[in-house]
Amino acid sequence: MIFLFEFLYLLSAVLFIVGLKFLSSPPRARQGNTLAAVGMVVATVTLLAQLQFSPEGGGIHNLPLIAGAIAIGAIAGAVGARRVAMTDMPQMVALLNGCGGGAAALISVAEFLHKGEPRAGADTMFGCIIGSISLSGSVVAFAKLQGLVSEKAINSPIQKGVNGLLFLSLLGLVGWLGFAAGGANAFYALLGVSLAFGVLMVMPIGGADMPVVISLLNSFTGLAVAATGFVLENNALIISGTLVGASGTLLTMLMCKAMNRSLGNVLFAGFGSTTTASAAGAAGGAAKNYREVGVDDAAVLLANVQSLIIVPGYGMAVAQAQHAVRELADLLAKKGVDVKYAIHPVAGRMPGHMNVLLAEANVPYDQLFDLDQINPEFERADVALVIGANDVVNPAARTDTSSPIYGMPILDADKSRHVICIKRSMNPGFAGIDNQLYYEPRCSMLFGDAKGAVSKLVEAVKAL
Amino acid sequence: MNVTLMAEIWVFALAVFVGIEVISKVPVVLHTPLMSGTNAIHGIVMLGGVLVLAGAHEPVLMVLGFLAVVLGAMNLFGGFVVTDRMLEMFKARKKDGKA
Chain A
2 MIFLFEFLYL LSAVLFIVGL KFLSSPPRAR QGNTLAAVGM VVATVTLLAQ LQFSPEGGGI
62 HNLPLIAGAI AIGAIAGAVG ARRVAMTDMP QMVALLNGCG GGAAALISVA EFLHKGEPRA
122 GADTMFGCII GSISLSGSVV AFAKLQGLVS EKAINSPIQK GVNGLLFLSL LGLVGWLGFA
182 AGGANAFYAL LGVSLAFGVL MVMPIGGADM PVVISLLNSF TGLAVAATGF VLENNALIIS
242 GTLVGASGTL LTMLMCKAMN RSLGNVLFAG FGSTTTASAA GAAGGAAKNY REVGVDDAAV
302 LLANVQSLII VPGYGMAVAQ AQHAVRELAD LLAKKGVDVK YAIHPVAGRM PGHMNVLLAE
362 ANVPYDQLFD LDQINPEFER ADVALVIGAN DVVNPAARTD TSSPIYGMPI LDADKSRHVI
422 CIKRSMNPGF AGIDNQLYYE PRCSMLFGDA KGAVSKLVEA VKAL
Chain B
1380 MNVTLMAEIW VFALAVFVGI EVISKVPVVL HTPLMSGTNA IHGIVMLGGV LVLAGAHEPV
1440 LMVLGFLAVV LGAMNLFGGF VVTDRMLEMF KARKKDGKA
């Protein structure tokens, strides 16, 4: 009997792995998600059967409570997931991730109390610490993205000192619980300090870096779940948690690489806190000139070129302009313009977020090109149309060593024959950095909110 | 150290490599659904909550287990539904030229 259960757990693990594998190719990705969900059903049924029928299972107590809890969580999760807007996806993932981390922390506490020993095992403490950090960190990330607390990066020595103290007290508590039998109060202290550490870890990080943080916390929760698998001696939890922990870590690295920064720099440098100084410096310099272009002139230009590269940014998504952008692209394509989209790795607020937003507007994914594919093409492009993007096309990243974004790979929009930037005003963008591109002679500014401006462009192109 | 623990460590170590290997070829296009997809998979923590709750006799453990199952189920169901919603929208250019 026990072999049957273990075999079914193995089957669910294989389904998770194949599901993840399928997620790596666009045509099969949805199937992959479904396979992973099937794996989850197999694992759940197996666990319940094991509890009920295996000799050491001990039967299922509290079955109505279990069913009720699953029903509440399932309805809340599924309804929230159905309703959330695609632009709010980063917050949603942060919130769901926090739930998982919280569950792992609660399980660790319960198992510590259940065993009733004054000492705690390494797995129990690890699950508690990492799960709690993931929970409180995710809640702060959610609050920052939702605008409930300031998105600004904070970089103060006091805050670093407090973090250091918290870290030392975590180490102390771990030693006390692991070797000196600290008891329940020490475990509650461990929980509290971990929660505080999660808050203070994410609080100083600026909104622009939140994707990296969420991805990191995602892998944290995976590891916390793996730890609870060790505590509960369940292979399905160990495998799934570890898969997520490993892949999440890799994904985090990829995202840091896309911004040309190290993970340590993202977590501890307070990126963006220095930008007020540099923005003020830029404004204090000689008044720079920029060219403005009207909707009709822009429409004439766009309709008469061979190739156009659209550079969408988060500003486009916030204005919900993606449908209008797709309409414009379709119109121009009918007039014989070759339209491509250039997607920066950190466009939007999560890696690949922009792809999702454009997919929502029915833009086919084979028109979307990532940085390495599209950059050589800007030189040959007649027009680069920058919509609500700013830092990802700022040439300062290539040339100005004093700029906070120096070294970040950018889209070479400034190399195409003409550049049109749709922007509300000349105010600096998300990271608060002035953009040299706007003052280039080949660049024209089209002022207006992304949706309004693009809709007017659509009308103007139709009228031609 | 017993045999069970050793076997668990084997499983853990191998899963690290599988996790990295399986993900390493994912195109940027799919990074967001991948993040929320892996997020859904760690929703399996719900089963950990079920294990706690199914063996709980004291009120404290029942409350902790109950909350863990609720949170785990939110993570699990929310994650899969939201990932499916995203992936549903990914479509290739149709042959007839219309997007």
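Quick mapping for you: the protein sequence lines, in order, are chains A and B. Read in order, the letters of the first sequence correspond to residues 2 to 465 in this note's numbering. Read in order, the letters of the second sequence correspond to residues 1380 to 1478 in this note's numbering. Here a beta-carbon is modelled for each residue, glycine too, at the ideal position from N, C-alpha and C.
It is roughly 10 Å from the alpha-carbon of Val1460 (chain B) to the alpha-carbon of Glu1467 (chain B). Cβ-Cβ distances below 6 Å link Ile421 (chain A) to Ala299, Leu386, Ser445, Leu447 in the same chain, with the five nearest sequence neighbours on each side left out; the list follows chain order.
At least 7 Å separates the CB of Val1382 (chain B) from every CB of chain A. For Cys257 (chain A), no CB of chain B lies under 7 Å from its own CB, so it is not counted at the interface with that chain. CA-CA distance, His354 (chain A) to Leu191 (chain A), rounds to 36 Å. Contact between Lys452 (chain A) and Ala320 (chain A) holds, since their C-beta atoms are separated by about 4 Å, short of 8 Å.
Put simply, the CB of Val1395 (chain B) is near chain A, with a gap under 7 Å to one of its CB atoms. At a cut-off of 7 Å between C-beta atoms, Val1442 (chain B) does not count as an interface residue with respect to chain A. Non-local C-beta neighbours of Leu36 (chain A) in its own chain, meaning closer than 7 Å and more than five positions away in sequence, comprise Leu16, Val19, Gly20, Phe23, ordered along the chain.
The C-alpha of Cys257 (chain A) lies about 19 Å from the C-alpha of Gly1398 (chain B). Looking at the backbone, the Cα of Asn1381 (chain B) and that of Gly1434 (chain B) are separated by about 23 Å. Arg1464 (chain B) and Ala82 (chain A) do touch by the CB rule: their CB atoms are close to 7 Å apart, below 8 Å. By the 16-neighbour rule on beta-carbons within 10 angstroms, Asp367 (chain A) is exposed. In the DSSP assignment, Val384 (chain A) forms a beta bridge with A:Leu309, A:His419.
Spatial neighbours of Ile108 (chain A) in its own chain (CB-CB distance under 6 Å, excluding positions within 5 residues in sequence) are listed in chain order as Thr229.
Under the three-state reduction of DSSP output, Leu465 (chain A) falls in the coil class, being neither helix nor strand. Under the DSSP definition of a beta bridge, Val340 (chain A) partners with A:Leu309. Against chain A, the beta carbon of Pro1412 (chain B) has neighbours under 8 Å at Leu24, Ala30, Asn34, Gly353, Val357, listed in chain order. Taking C-beta atoms under 8 Å as the contact rule, Gly40 (chain A) and Thr222 (chain A) fail to qualify, at a distance of about 18 Å. One Cα belongs to Ile76 (chain A), the other to Val338 (chain A), and the distance between them is close to 47 Å. Using a Cβ-Cβ cut-off of 7 Å, Met1465 (chain B) counts as an interface residue toward chain A, since at least one Cβ of chain A sits closer than that to its own. Here Gly199 (chain A) is near Ile134 (chain A), since their CB atoms are less than 7 Å apart.
The segment 160-180 of chain A makes no contact with the segment 137-148 of chain A; the number of CB pairs closer than 8 Å stays below 3.
Chain B places no beta carbon closer than 7 Å to that of Met409 (chain A), leaving this residue out of the contacts. Around the beta carbon of Asn356 (chain A), 16 or more other beta carbons sit within 10 angstroms, so the residue counts as buried. Residue B:Leu1430 holds the alpha-carbon nearest to the alpha-carbon of Gly59 (chain A) among B:Leu1430, B:Asn1454, B:Ile1423, B:Thr1411. Shown here, Met446 (chain A) sits in a strand according to DSSP, grouped into three states. The DSSP-derived three-state label of Leu149 (chain A) is coil.
When A:Ile206, A:Val364, A:Lys424 are compared, the shortest CA-CA separation from Gly295 (chain A) is found for A:Lys424. Residue pairing by DSSP places Leu369 (chain A) opposite A:Tyr342 in a beta bridge. Taking all protein chains shown into account, Gly314 (chain A) has 16 or more neighbouring C-beta atoms within 10 Å of its C-beta and is therefore buried.
Nearest CB-CB separation between Phe231 (chain A) and chain B: below the 7 Å threshold. In this chain, the alpha helix (DSSP H) harbouring Asp297 (chain A) covers 296-304. Assigned with DSSP and collapsed to three states, Lys452 (chain A) falls in helix.
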